[in-house]
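Engineer: Take this structure, written in structure tokens, and hold onto it; I'll ask about it next.
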Amino acid sequence: MTAQSQLARLGLFDARVPRYTSYPTAPQFAGGVDESHFTKWISEIPAGSEISLYLHIPFCRHLCWFCACRTQGTQSEEPVRVYLETLKAEIAQLKEILPDDLRLSRLHWGGGTPTLMSADMITDLAGTVLDVIPMAKGGEFSVEIDPNEIDESRIKALADAGMNRASIGVQDFDDEIQKVIGRIQSYELTRDAAEMIRAHGIDSLNADILYGLPHQTDERIAESVLKLLTLNPSRVALYGYAHVPWMAKRQQLIPTDALPAPQERLGLYEVARILFLADGYDEIGIDHFALPDDGLAVAQRDGVLRRNFQGYTDDKSEVLIGLGASSISKFPQGFAQHAPGTSQYTTAVRDDKFATVRGHVFTDDDRLRARLIESIMCNFHIDTAEILRDFDITRLQLEAMYKVAADAFEGLPKITADGFTLPKEAYPLTRMIARSFDAYDLSKAGHSSAV
203 MTAQSQLARL GLFDARVPRY TSYPTAPQFA GGVDESHFTK WISEIPAGSE
253 ISLYLHIPFC RHLCWFCACR TQGTQSEEPV RVYLETLKAE IAQLKEILPD
303 DLRLSRLHWG GGTPTLMSAD MITDLAGTVL DVIPMAKGGE FSVEIDPNEI
353 DESRIKALAD AGMNRASIGV QDFDDEIQKV IGRIQSYELT RDAAEMIRAH
403 GIDSLNADIL YGLPHQTDER IAESVLKLLT LNPSRVALYG YAHVPWMAKR
453 QQLIPTDALP APQERLGLYE VARILFLADG YDEIGIDHFA LPDDGLAVAQ
503 RDGVLRRNFQ GYTDDKSEVL IGLGASSISK FPQGFAQHAP GTSQYTTAVR
553 DDKFATVRGH VFTDDDRLRA RLIESIMCNF HIDTAEILRD FDITRLQLEA
603 MYKVAADAFE GLPKITADGF TLPKEAYPLT RMIARSFDAY DLSKAGHSSA
653 V
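Those letters in the sequence shown? Residues 203 to 653, by this note's numbering.
Structure representation (structure tokens):
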């Protein structure tokens, strides 16, 4: 039996499962969490802690058809400037309830297109944030950068503000694919942006590239990866394109008959994976690659790799506060998400309120299953001794959970005295195996392809 036929029999090419950047996953969030939870959980952060902060900038000059993020288009600066004033007002509200002496282990600006902001807006926003919560020693300030929306003045403003990691979305360099997904971004433009970033002393560069795009072939993805490698990114996220037109209406513009079949998607991933490994990158979890000296690779070697809404991370903070429309916060007590629309978000802030409209309060069972799923996603292994130390569960109960997952996949995952382990041939099934530890009904969630 070939490896692919075994994967097919186990359902890899038919399944739709979460990416498990959180547990419970976002479709499980409900309206029982509101501003009172958000403010209470912030007040309970221990003084002197290091926390993470995410700012969502939802605007784009052009809406890419492949994207499923919460974004909106604008051709003028005015909506961005108005939103920025609202975001600054929310930061001022946050300042009033923050415990003393907090520091930022991570500051991330995402979107949308944060670099749609002008240089003066960037300086203003960064100053507002860092006046409230300064960066910790060794902290990381990262920004998502669109090569179509960047210039010397904006890069200088970001560098002067302390940005020390930049993230560039590549998707694919092929001209035909770019036209079909509504994202025109040449290799030359991307190269020039990377050179500009490094010329301002920012050496850590992330890049995203997609497999499973329309008209993508092994040859085309190989050419795109080889071009990307000339930019020498510190880390790369190799994501499978999630075609979810029922959630992201703009994806209806993408021709479904041009999408590769699931078996072809796996082949595209393997082509890219082999090229990254051949160029000296370490494989990180199921969909990231990093140079050996990058923080992700170090975290994986040290056994402290984690997973959050940005994918894999080396951030150790237990608190992530999200500001801006649709942003998600994570606390030890649960998740809290702001209103997705900018109008609803703006109205709440102008009323001197936080815009939290939904979320999830963790149960003890949630915390246990979140650790099990994160361990599988990050390490392909669950350490039984660690789980028994940290949670109120017996070995018998834990091993019964292991057995359910192992039996569902014909014993491919291995149960030993030490724990639960996925062999390399089971790695493509990782998200599906993680699903075996998920207690929630995902039948109506509309998740993406398992491969």
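Cβ coordinates follow ideal geometry from the N, Cα and C atoms, glycine included.
Based on the DSSP secondary-structure assignment, which residues constitute the bridge partners of I411?
Structural biologist: Q373 and L440
Engineer: From the DSSP output, which residues share a beta bridge with Y256?
Structural biologist: Paired residues: H310 and G524.
Engineer: Among S388, V506, L428 and D353, whose alpha-carbon lies nearest the alpha-carbon of I399?
Structural biologist: D353
Engineer: Within the same chain, show all residues whose beta-carbon is closer than 6 Å to that of G524, passing over the 5 residues directly before and after it, in chain order.
Structural biologist: Y256, I530 and S531
Engineer: Please report the Cβ distance between L304 and I247, rounded to the nearest whole angstrom; I am assuming they are in contact, meaning their Cβ atoms lie under 8 Å.
Structural biologist: 7 Å
Engineer: Here's the rule: buried if 16 or more other CB atoms are within 10 angstroms of the residue's CB, otherwise exposed. What is L624?
Structural biologist: buried
Engineer: So if DSSP puts E485 in a beta bridge, which residue, or which two residues, is it bridged to?
Structural biologist: F491
Engineer: Assign Y514 to one of three DSSP states: helix, strand, or coil.
Structural biologist: strand
Engineer: Whole angstroms are fine: how far does the CA of G505 sit from the CA of L209?
Structural biologist: For L209 and G505, the gap between their C-alpha atoms comes out near 28 Å.
Engineer: Which residue's Cα is closest to the Cα of R283: D609, G543, T565 and I324?
Structural biologist: I324
Engineer: Specify the secondary structure class of R633 as computed by DSSP and reduced to three states.
Structural biologist: helix
Engineer: Threshold first: 4 residues or longer. Then list the alpha helix (DSSP H) segments lying entirely within the stretch 259-335, N to C.
Structural biologist: 280-299 and 321-334
Engineer: Helix or strand or just coil, what does DSSP make of Q539?
Structural biologist: strand
Engineer: Hey, G561 and G536: beta-carbon distance below 8 Å or not?
Structural biologist: yes
Engineer: For the stretch 399-411 and the stretch 435-447, state whether three or more C-beta atom pairs, one from each stretch, are separated by less than 8 Å.
Structural biologist: yes
Engineer: Measuring CB to CB, does I293 end up less than 8 Å from T330?
Structural biologist: yes
Engineer: How would you write the range of the beta strand (DSSP E) that A338 sits in, first residue to last?
Structural biologist: M337 to I347
Engineer: In this structure, does DSSP put V563 in helix, strand or coil?
Structural biologist: Three-state result, V563: strand.
Engineer: Going by Cα to Cα distance, which pick from H239, V219, I244 and I617 is closest to L522?
Structural biologist: Looking from the CA of L522, the closest CA among H239, V219, I244 and I617 belongs to I244.
Engineer: Within a Cβ cutoff of 7 Å, which residues of the same chain sit near M203, ignoring the five residues on either side of it in sequence?
Structural biologist: Low local confidence applies: a pLDDT of 47 at M203 is under 50, so the model's placement there is unreliable, with the coordinate-based value given in what follows. There are no such residues.
Engineer: Go ahead and pull the three-state DSSP assignment for H445.
Structural biologist: coil
Engineer: Apply the 10 Å Cβ neighbour rule to T392 and answer buried if 16 or more other Cβ atoms are within range, or exposed otherwise.
Structural biologist: buried
Engineer: I'd like the span of the alpha helix (DSSP H) that includes D585, first residue to last.
Structural biologist: Premise fails: D585 lies in the beta strand (DSSP E), H583 to D585, not in any alpha helix (DSSP H).
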